[in-house]
Structures are given as structure tokens and as C-alpha cells.
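Quick note on this note's numbering: the sequence shown kicks off at 6 and runs consecutively. Reviewing the structure listed below.
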Amino acid sequence: MTTRPSEESCTTVVIGRDAEIERLAAVASRTAAGHGAVVLVQGEPGVGKTSLLDAVRVRCVAMGLHIRLGAAREQQQTVPFAALLSWLDVDHDTDTPAADPILDHIEAWCATGPLALIMDDVHWADRSSVSVLQRLCARIRDLPLLLLLGARPQPQDSAFAALSAELVARRATLIRLGGLADAAAAKLVSQIVCAAPGPRLLREVAGASGNPRYITELVVALLREQAITTVADTAEITEAVAGQRPSTTLAQAISRRLDFLPRRTWNVLAAAAALGPVVDVPELASVLNRPLLDVWGVVSDAMVTGLLELVDSEVIFRHELVRRVVSDQLPATVRGRLLRRTGEVLQASNAPIERIAHYLAVADYELDHASIDWLVAVADELAFRAPELAVRLLRRATTAAEADNPQLIRLYIGALLRSGRSAEAEAEVRGALSTRPEFRDDIEMRWLLAQACQARGRMADAVEVVETALRTMDLEVEAAGRFQGMYAVHSLFLERFDVAEWAGRKAISLGKSSADPRSMGYGLTAVGALRYTRGDLAEALELSTRIPIVSTDGSGPDQFDPYALRAHCLIELDRLTDAEDVLEQAIAHNRRSHGVYLSSNLVAKARLYLLDGRWDDAVAECSVSTGAPDVLGYSTVARAMAALIGIHRGTFLPDVDSIPIPDDLAGSTGYAHLHLWAQALAHEAHGHPDLALKLLVDAHQRLADGLAAATLYYIFPDIARLAADLGDRDAALSVAAGANELAARQPTASRSGTALLCRGLVERDSDSLLAAAQAFQRSGRPFYEAQAHENAAVLLAAQGRDLDARRSLDSAIGIYSRLGASWDTARTDARLRRYGLRRGVRGRRNRPKSGWAALTDTERKVAALVAEGCSNSGIAAQMFLSRRTVQSHVSKILGKLELRSRREIPASVPHT
């Protein structure tokens with residue numbers, strides 16, 4: 006008996022992906038237990054990424070995970086945060102999204118229970134969404150969150166490439182979906198035809214290379230043409246049919262599938278496909294100039310046939326591949342006119358400018374005068390909301406044959422700056438200045454050139470441009486104020502403080518007379534930063550509150566941060582909660598505007614967390630900072646700060662020369678002491694406190710009058726401690742004088758605490774040290790509070806006041822333990838051991854005589870360091886023990902573990 010299967014006779018399920026599903030389910034199970042993870046599923050179009058994600062979603066629901074589904078879309082690549090908004094149920098046309106509120110949403114969801122965030126087609130994600138995903142990856146270990154991403158391989162977009170690199174660096178789970186194995190492909194064909202496929206049918210299907218969608222489309226097309234027959238439970242195609250289709254393409258198969266469509270349906274669908282994956286019925290009706298109900302009837306018919314579907318209240322093409330094939334049926338000239346017509350219709354209807362710009366950008370035709378006029382009118386706003394889209398359109402407009410418009414060139418360069426493409430912006434502006442006479446005396450072009458130099462971190466070049474403009478050009482008051490303001494800020498970064506003071510005051514004056522907020526903003530920033538650097542925090546804070554909030558509405562590409570100075574002042578005034586709030590605003594502002602100060606604010610946030618004891622958060626912010634665009638040298642600062650925390654925690658004992666060396670950029674100059682501080686502690690950890698003290702004293706003397714002066718006192722407690730232990734009274738007196746001077750200028754709790762600590766060690770006054778601990782506690786700086794208690798314990802023990810010494814010792818160790826500062830704990834124990842003062846024994850009594858449980862806490866630490874490959878001398882330096890003591894511990898470890906050689910210890914250390 007011979008039968009012909011129908012295309013409706015069977016349904017397709019997820020086939021050949023059992024291993025991937027179980028692997029993902031295992032990750033989801035760990036997330037359900039509270040362990041965050043990131044998974045990237047990669048594969049070509051149609052290979053089954055979406056089906057796999059959906060299958061895993063079902064497993065996640067069964068495990069009790071909350072689910073948020075989303076997908077990025079190609080037509081929204083230039084719309085900031087569009088991809089993430091698919092998780093949030095927010096209309097991006099009406100709301101103004103920002104990175105930090107989105108992250109807050111996600112953390113709030115995680116607070117209610119384990120969560121799976123699933124996003125398909127991440128390769129289409131906009132840059133803002135990719136940036137947030139990178140930040141989310143840095144936090145994910147601390148959240149009960151499974152971040153499951155689907156994407157095509159080898160994306161060309163640099164933003165997604167950065168996310169891919171982040172995932173690789175964090176060893177995220179990567180699942181690469183290839184084509185189905187032959188057996189799975191045969192099973193899929195069998196499911197479609199409800200019979201075992203014959204050899205000729207399988208050879209035909211092999212041309213699809215295991216792609217499930219290709220296989221499905223091809224087999225269904227053969228079924229529709231009645232080219233497959235079933236004999237004795239075997240589905241086969243005839244030799245003649247196979248011979249006619251040795252190289253049948255998928256496009257031909259899909260085209261054959263669509264032959265049944267009525268002509269009116271085909272025409273409407275072809276137009277809809279050319280406009281994008283989402284079918285906006287009213288918009289399509291306007292573009293085609295057809296009655297709305299007629300168009301809706303066609304769309305409804307297409308939904309019934311399965312070509313279109315309704316997803317989240319939007320009509321979309323079910324398969325992107327089908328949409329592309331349908332769109333390609335239109336001649337290129339027709340597609341271009343259709344896109345042009347769409348842009349005109351949207352302009353007339355006052356649609357969102359991003360949508361209008363999208364159609365103007367994808368249409369392959371020269372922009373007419375009306376479109377150029379529209380573009381000039383909205384360019385600044387478009388560059389702020391969708392900078393890459395603005396760049397594409399403005400580039401086309403500037404190269405149009407009849408578009409010899411200087412304003413277009415200025416707008417194009419401004420859009421390049423907005424999109425973070427400062428090198429291109431500088432090349433364009435220099436080219437225009439050198440080849441076009443009309444720009445030689447153009448003030449705005451000089452301003453853009455200075456902005457481009459600043460955006461590339463070349464402050465000296467920016468100063469040269471500004472000085473030339475001020476000296477040679479006839480500037481009106483407003484322009485003169487802006488140039489003087491920029492001159493002041495850049496002179497500050499170059500540590501030309503007298504020039505910065507004069508130019509800053511001049512900018513403020515000119516800004517007042519011309520009512521120009523940018524001039525005043527630059528001037529107030531420069532003068533306020535000078536006050537901050539010199540320690541006059543109250544005056545600096547007052548100046549920072551007068552800085553206008555400018556450049557937040559898309560009015561220009563100015564590299565200006567109206568929040569940063571206030572945040573820095575609040576940190577140094579010990580108002581850490583307020584400072585964190587302002588830093589969030591500063592970070593959001595710089596992310597929106599591609600500001601050069603993004604990495605600066607991320608480092609400031611890490612510094613705040615370093616001070617208030619949130620060291621895990623500090624390390625996370627350092628990681629984010631090193632991955633952020635950085636032209637000012639802050640990534641080196643971030644790595645030095647992370648190294649500091651690692652040394653204190655005993656998790657990082659670097660060679661001194663391996664600590665990142667700062668360059669002469671503004672960021673490194675302002676934090677020049679951090680690198681030296683990390684080097685000094687590394688010297689001390691290697692058993693060379695004399696070298697550590699010498700390095701810190703030199704830093705104090707050399708940096709006291711520069712940009713680093715505002716936070717240089719962070720190193721004072723270590724200078725005072727080392728000087729006291731080594732008997733270097735000159736160093737102790739010098740740092741105490743510096744601390745007193747700083748506290749007299751602004752007596753904050755933290756600066757007063759620093760002065761009390763240094764004075765207490767010089768005068769050997771335990772009361773001053775205890776008062777320092779109280780001051781640091783008021784300031785919210787627990788690590789410094791612990792240092793004060795540690796030093797007090799040493800002095801009290803030396804005076805024979807063991808009870809008081811033990812009380813301070815317990816306070817210090819308690820704080821160090823909460824911070825995870827094991828290196829500082831070991832140092833404290835070593836300093837007190839010389840006075841015979843030891844902490845009370847903790848832990849279980851009746852310890853076993855052999856095995857890992859028989860080891861003391863100290864012996865376990867030594868064993869772990871031996872397992873890491875450390876020598877006895879290295880362990881001695883790290884744990885503040887003598888080499889002989891370390892050797893004694895190693896001998897006891899060998900005895901308790903019944904080993905013959907230290908080389909056997911690594912195999913006996915439990916793996917956690």
C-alpha cells in the first residue's frame with residue numbers, strides 16, 4: 006500500500022539536544038540552590054537555539070525559578086536599552102531607561118527567589134544593553150540568577166564581541182549548537198513524514214547540514230509538492246525528483262512553500278517583510294495607502310497559515326529566514342522606494358525619531374532636501390538617543406552630492422563623539438580644518454577638535470587647541486567662557502594649578518555675564534577641584550553644588566561631568582551614603598553620553614567600597630572599570646586597588662614589579678599613590694618592611710602638592726605603623742605633621758582619626774589611638790578603625806596592660822575577620838606575639854591525632870600555601886612567621902597526615 010504523508014500529520018519537537026538540555030538543567034539546578042551562572046548558547050540561524058531555550062525554560066519553571074523572557078531585535082540595535090526592555094515590560098518610546106535602574110529591577114527580582122533571565126538573539130542587542138549585561142556578569146556570583154543568552158556565532162558587532170570576551174574571561178558556560186547528527190536529523194525527518202526516511206530523502210536533507218529549520222522547510226516543501234511517497238513505512242523521493250534538485254537552496258524551498266499565497270497577500274507580506282520583523286498594521290496600511298481593514302485581513306490570513314504570529318501584542322514573522330526570503334522577492338529599487346515612502350509617512354505622523362531614522366538609514370537612496378532638513382532639526386536629539394544611527398545618517402547626508410552644508414559636518418562630528426568614536430571625530434575635524442577654507446575661522450570646529458582630543462585622553466593637545474583659539478580667534482563672550490573653562494579643567498589635570506585657578510575664575514565670570522551654564526560648569530569644576538585637592542572640602546562642596554546640570558539632554562557632545570566633584574567631596578567628608586547616590590548619577594550620565602569620565606567614577610565607587618569595608622563590591626567595580634572605555638588611565642588604578650585588597654586578604658602575593666605601573670595620564674596622576682602603596686605592602690609581605698617604608702615616605706614627600714594630595718593620607722597609617730616598628734622617628738614625625746595639617750584644614754572624622762593615629766604612634770599614647778579608632782568608626786571606615794585598635798593593642802601590651810591590650814586586639818581581629826583581611830590578622834598576631842599576648846584558642850577541643858582534622862588552623866593555612874607552591878620563606882613572609890616556625894609546622898603536617906615529603910601535601914589538601 007502506498008500513502009502520501011501530509012505536512013500537518015506530525016509535529017516537531019526538540020530532537021537531538023538531550024545532552025545540552027541536561028547540561029543546562031544542571032546549571033539551573035545550581036541557580037535554584039542560590040548560585041548564579043551565565044550560559045551562552047551559540048549557533049547559526051535555524052539551528053535550534055530558541056527551541057533549546059524554551060525547553061530549558063520549562064525545566065527552570067519545574068525547579069521553581071522565576072522566568073523573564075526577552076529577545077533583541079535587529080531593527081532596534083541603535084536604540085539604547087531596547088533589548089533589556091523586553092524583560093521589563095516597558096515601552097522604550099515613552100520611558101527613559103537607564104542602566105542602574107534596570108540592574109536594580111533585576112536585583113529586586115532576585116531578592117524574591119531564584120531567577121532565570123532568558124534573552125534570545127543577543128547578537129542584535131544594542132550597545133547599552135550589552136554594557137549592562139557585562140556589568141550583570143560581574144555581579145552574578147552574588148545573585149541567585151541564571152543568565153541564559155542565545156546568539157549567533159562570530160558576531161561582527163564590537164559591543165557583543167566585548168560581551169563574548171567578558172563571558173570567556175569569567176569562564177561562563179558556552180554551548181555551541183552545531184547541526185544535528187545524522188541520526189537526529191533522520192529522526193526529525195521521520196517525525197515530519199511519520200515514516201522512516203529513505204536513503205534518497207536523507208541525501209536530499211543532507212544539504213541542509215543538520216540545520217533543523219532548513220530540514221523542516223525543505224521536507225515540508227517536498228510534501229506540499231507531493232514529491233514524497235511512503236512505501237512499507239519508508240518515506241522516499243523518486244530518483245527523478247532527486248535528480249532535479251541536487252542543489253536545491255533553502256530560499257527556493259521557502260519560495261515554493263509560499264506559492265499558495267494569493268497575490269494580494271504576497272504583495273502585502275513582501276512589503277511588510279522589507280520593513281522589518283515586526284508588522285505594524287496601521288503603519289503598513291499608511292505606507293501602502295490601503296484601507297486598514299484590508300491590510301489587517303491579509304495579516305490575519307498570514308497568521309492562520311503560520312507565516313506570522315502574535316507575540317507580546319506584536320505581530321511578527323515566525324521565522325526570520327522566511328522574512329528575508331520574502332523581502333528578497335521585491336526588486337531592490339522597489340524596496341528602496343518602499344523604505345523611503347515609510348520614512349516620509351512616519352515623518353508626517355510625528356513618529357519617534359529613532360524609527361524614522363531607521364528607515365532612512367536602511368533605504369539605499371540619496372537623502373532628499375526634506376529628509377536632510379528633518380535630520381538637521383533632530384540630529385542632536387538623535388545623537389543622544391541613538392548615536393550610531395545618527396552617525397550612519399549624517400555620514401550619508403554629508404557625502405550627498407548636494408549636501409555641502411557646514412552644519413551637517415559639525416553635526417556629524419558631534420555624533421561621532423557621542424558614539425564614542427573620538428579618533429574618527431578628530432580625523433574628520435582636522436581634515437575639514439585643513440582642506441576647507443570656510444572652517445579655518447570656525448569656532449565650533451575648534452571646540453569640537455578640543456573635545457575630540459579630550460575624549461582621547463590627550464589633555465596637553467586639547468590645551469594647545471584651546472590656547473590657540475583664545476589667542477588667535479575673535480571669540481564672543483559665551484565661546485570665550487567655554488574655552489576658558491576647558492582650559493581650566495585640562496590645566497588642572499596637567500597640574501598647572503595657577504593657570505587652572507585663573508582660567509576657572511575667568512570662565513565663571515564670563516559664564517555669568519553670558520548666562521552660559523557650560524562656561525560656569527567648567528569653571529566651577531576646575532576651581533572646586535583645586536579646593537578639593539588642597540583639602541578645603543567645605544568650599545569645594547559648596548562650589549560643586551553650583552555646577553549646573555548641563556549636557557544631559559542631548560544638546561551637545563561636551564565631555565563634561567556635573568556630578569563627579571560633588572561625589573568626591575562627599576566621600577572625603579565621610580558622607581559615604583550620599584556619595585554613593587551621586588556616583589550612581591555620575592555613572593549613568595557618562596554611560597548615556599559616552600563620557601570620558603565613566604572609568605573615573607567607577608574607580609571612585611570602588612574607592613568608596615574600599616573605605617567602607619565592602620571589599621567584594623570594590624573588587625567587582627574594579628573589574629567593571631578595567632572593562633570600560635578608558636582614555637585617562639583609570640584601568641591601571643583599578644588594577645592597583647584590586648591588588649591592594651588581594652594583598653590584605655592574603656589571596657594575592659605579587660612580585661613587586663608585577664603590580665601595574667601607572668602612566669602619565671590624568672587618572673594615574675590623581676591616584677599615583679595607590680600603585681606605590683600596593684608595591685609597599687608587597688615588599689612588606691615579602692619580608693622587607695624597610696623597603697615598604699622607604700617607598701611610602703617617598704610617595705608622601707613627592708605627591709603632597711599634586712593631584713593625589715586629596716587622598717594621599719590613605720597611606721599615612723601604614724607609614725606611621727612601619728616607622729614605629731622600625732624606629733624611624735623622622736618618618737613618624739613627618740607623617741604626623743602632614744596628618745595634623747590636613748585635619749586642621751578640614752577636621753572630618755576620618756582625617757582627625759588619621760592625625761590621632763599618627764600622633765599616638767609618635768608619642769606612644771594608647772589613648773590617642775583609641776580615640777582614633779572611635780573617629781574612624783564615626784567616619785564609616787572599618788579597616789582604619791581596625792588599624793587603630795591593632796596599634797593600640799601593641800602599645801598597651803608593651804605597657805603591660807594585657808587586659809586592655811586583649812580588648813583592642815579582639816576589636817581589631819574582629820573587624821579584620823569581617824573584611825577577610827587575613828594578612829592583617831597574621832601581622833597583628835605577629836606584632837603581639839613578641840609581648841607574649843596571643844588570642845584565645847578557638848575551635849573544637851579533643852582534636853584527632855591524625856588526618857586533616859588533626860591540623861590546627863595555622864597548620865591548615867601552611868598546608869594550603871604549600872599546595873599552592875609557596876616556599877617556606879614565602880610562607881613565612883606572608884604569615885609573619887619565622888622560617889624555622891614554618892618548617893616546624895610543615896614537619897607537624899607531615900606527621901599528622903602520615904606523609905614522607907612536602908611534595909605529597911598538595912594531594913592531601915581537601916578541594917573545596
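Just so you know, even glycine gets a beta-carbon here, dropped at the ideal spot from N, CA and C.
Return the first residue and the last residue of the alpha helix (DSSP H) that residue i is part of.
i, result
"His-40", "Neither: His-40 is in no alpha helix (DSSP H) and is coded neither H nor E."
"Val-702", "694-708"
"Ile-361", "358-367"
"Val-4", "Shown here, the chain extends from 6 to 917; a query on residue 4 therefore has no answer."
"Gln-352", "337-353"
"Gln-782", "771-784"
"Asp-521", "Here Asp-521 belongs to no alpha helix (DSSP H), and DSSP marks it neither H nor E."
"Tyr-821", "807-824"
If you run the structure through DSSP and keep just helix, strand and coil, what is residue i?
i, result
"Ala-237", "coil"
"Met-68", "coil"
"Gly-75", "strand"
"Leu-150", "strand"
"Met-478", "coil"
"Val-304", "helix"
"Val-381", "helix"
"Gly-509", "helix"
"Lys-897", "helix"
"Ile-652", "helix"
"Ala-609", "helix"
"His-678", "helix"
"Asp-558", "Confidence at Asp-558 is low in this model, with a pLDDT of 43, below 50, so its placement is unreliable and no value can be given for it."
"Gln-459", "helix"
"Glu-689", "helix"
"Pro-392", "helix"
"Val-52", "coil"
"Gly-848", "With a pLDDT of only 36 at Gly-848, under the threshold of 50, the placement of this residue in the model should not be trusted; the figure read from the coordinates follows. Note: Gly-848 maps to coil in three-state DSSP."
Could you pull the DSSP bridge partners for residue i from this structure?
i, result
"Pro-918", "It is not possible to answer for residue 918, since the shown part of the chain is limited to 6 through 917."
"Val-468", "None; Val-468 has no bridge partner."
"Ala-277", "None, per the DSSP bridge assignment."
"Phe-322", "Leu-313"
"Ala-156", "Gln-47"
"Val-283", "Ile-321"
Start and end of the beta strand (DSSP E) containing residue i?
i, result
"Arg-181", "178-181"
"Gly-21", "First-last for Gly-21: undefined, no H or E at that position."
"Leu-122", "120-125"
Leaving aside the five residues before and after residue i along the sequence, list all residues of the same chain whose C-beta is less than 7 Å from its C-beta, in chain order.
i, result
"Thr-869", "Reading off the sequence shown, one finds Ala at residue 869, where the question assumed Thr. These residues qualify, in order along the chain: Val-914."
"Ala-671", "Met-464, Phe-498, Leu-637, Gly-638"
"Thr-328", "A quick correction: the sequence has Arg, not Thr, at residue 328. The answer, listed in chain order, is Ala-278, Pro-282, Phe-322."
"Ala-437", "Ile-414, Phe-444, Met-450"
"Thr-270", "Val-303, Asp-306, Ala-307"
"Met-68", "Ala-33, Ser-34, Ala-37"
"Leu-394", "Thr-83, Glu-359, Ala-362, His-363, Ala-366, Leu-387"
"Asp-622", "Tyr-614"
"Ala-697", "Ala-685, Leu-686, His-688, Glu-689, Leu-727"
"Leu-824", "Gly-618, Trp-620, Pro-787, Phe-788"
"Cys-574", "Tyr-537, Leu-542, Ala-545, Leu-546, Ser-549"
Apart from the five residues on each side of it in sequence, which residues of its chain come closer than 6 Å, Cβ to Cβ, to residue i?
i, result
"Asn-216", "Gly-51, Val-52, Gly-184"
"Arg-905", "none"
"Asp-105", "Glu-589, Ala-593"
"Gln-81", "Ala-87"
"Ala-156", "Gln-47, Val-127, His-128"
"Arg-22", "Leu-57"
"Arg-181", "Gln-47"
"Ala-406", "Note on Ala-406: pLDDT 49, under 50, position unreliable in the model; the coordinate value appears next. Nothing meets the Cβ criterion."
Go through its chain and collect everything with a Cβ distance to residue i's Cβ below 8 Å, but skip five positions before and after it.
i, result
"Val-300", "Val-273, Val-286, Leu-289, Ala-290, Leu-293"
"Ala-77", "Ala-87, Ala-88, Ser-91, Met-124, Asp-125, Asp-126, Val-127, His-128, Trp-129, Ala-130, Asp-131, Ser-134"
"Pro-202", "Ala-191, Val-194, Ser-195, Val-210, Thr-239, Ala-240, Glu-241"
When the cut-off is 8 Å and only beta carbons count, does residue i lie next to chain B?
i, result
"Pro-106", "Going by chain labels, chain B is absent from the structure shown, which holds only one protein chain."
Could I get the ranges of all uninterrupted alpha helix (DSSP H) runs contained in the segment 526-554, with 4 residues as the minimum, in chain order?
542-550
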